[in-house]
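Take a look at the structure set out below.
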Amino acid sequence: MTMRNLFAVALASALASAAYAETPVVDFDQGQIDVSKIVAGLKDDVKKDEAQIKDIRPAYTHATRDCVDFVFEPNGPSVSPQVWLQSTEYVQECSYHGNPPTQHCWERPGFTHTERVQVEILNRQPVYPWEKEIVEVCLEGHWLSEYLLAAAYDYKVHERGGYITLTPGRRIPMNPDPAGIMAGNLVPSGAAFALGFDDRWASYYGGEQTSLKVALRENVPGWFDKTIVEKDISFPAAASYKVNFNDYLGEFNAKLKPGAKYYVKWGFKRLGSVSKPKFMDRGNTESVPFQPALEVASR
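According to the working numbering, the sequence shown is numbered sequentially starting from -3.
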């Protein structure tokens, strides 16, 4: 192949790879040809092509997240069942259309990861009857993560090949049982009402305090209900408690009206080391019409 043909092929290749780029015109009739300029021009074209390829190369964007909650009951097993988690990665791809070129991008599913997971509590320590421990395990892409949503101990977490072990440390108070205290029926008593409560777990709270928050409210049809009196009352932990609103008549915001309906909005806290002092909102009792006790006149 002659020198003229050799450079003709090189020039045609440069034009084919970057049609939009300016390529120097070579006059083969000239006696002297600057080869270094042509090679430099070809290198520039190759770099421009590589830049375009990088712009449209697929790029990882995100992955789906798959989670499972393992619940350990107080008297249940210390090893959970095995569960398969699955996470799919999504890839962004782009192409150029029109003149001037406009980029258009979309996502497509990429690689899907699967992981078999299982949790074991090593040397499990005692928990109270109302305490459930919960471990959440999530797979996102190829990353596996663990979260202690509810724990009675400061656990050291170790994971290997999807098998997760929890080693207990110091004891941590958990929330009290919301249903551990139940309200009875609101009953008219004297010039007001009385309300009793039963404590299911009192025997576990010996020497500690139970704080009841009670608000006697009037049920006002078609309007906002009215708070008559609100109190925070602490009791030594016991099987039952009683709140008599006659003890707080001097603090009432309004006099009770015969025939009007009243209810108690209430909740409680445990004060001590057994449980967290978290307020447990227990809602409202049934509404009851007020009927004042009849006074018997002495003769």
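By construction, the Cβ of each residue, glycine as well, lies at the ideal position given by its N, Cα and C atoms.
For SER269, no beta strand (DSSP E) encloses it, and the DSSP letter there is neither H nor E.
Restricting attention to TYR244, PHE275, ILE224, GLN114, the CA atom closest to the CA of LYS253 is found in ILE224. The Cβ atoms of TRP262 and LEU208 lie closer than 8 Å to each other. Ranked by Cα distance from VAL67, the first of SER83, THR57, ARG61, GLU132 is GLU132. Looking from the CA of TYR92, the closest CA among CYS101, TYR86, PRO288, THR84 belongs to CYS101. In this structure, the beta-carbon distance from PHE248 to PHE189 does not fall below 8 Å. A direct Cα-Cα distance of roughly 8 Å separates GLU136 from GLN82. Cβ-Cβ distances below 6 Å link GLY158 to GLU111, ARG112, VAL113 in the same chain, with the five nearest sequence neighbours on each side left out; the list follows chain order. According to the DSSP assignment, LEU140 belongs to the beta strand (DSSP E) that extends over 139 to 146. For the pair ASP65 and LYS222, the Cα-to-Cα distance works out to about 42 Å.
Put simply, of ILE168, ALA55, HIS109 the residue whose alpha carbon is nearest the alpha carbon of LYS272 is ILE168.
The residues TYR86, in chain order, have a CB closer than 6 Å to that of HIS58 in the same chain once the five nearest residues on each side in sequence are set aside.
Looking from the CA of GLU103, the closest CA among PRO288, ALA146, ALA55 belongs to ALA55. Distance from the CA atom of TYR258 to the CA atom of GLY180, rounded to whole angstroms, is 15 Å. Distance from the CA of GLY186 to the CA of LYS274, rounded to the nearest whole angstrom, comes to 34 Å.
Assigned with DSSP and collapsed to three states, GLU204 falls in coil, not helix or strand. In this structure, DSSP gives GLY106 an extended state, which the three-state scheme calls strand. For SER141 and GLY72, the gap between their C-alpha atoms comes out near 24 Å.
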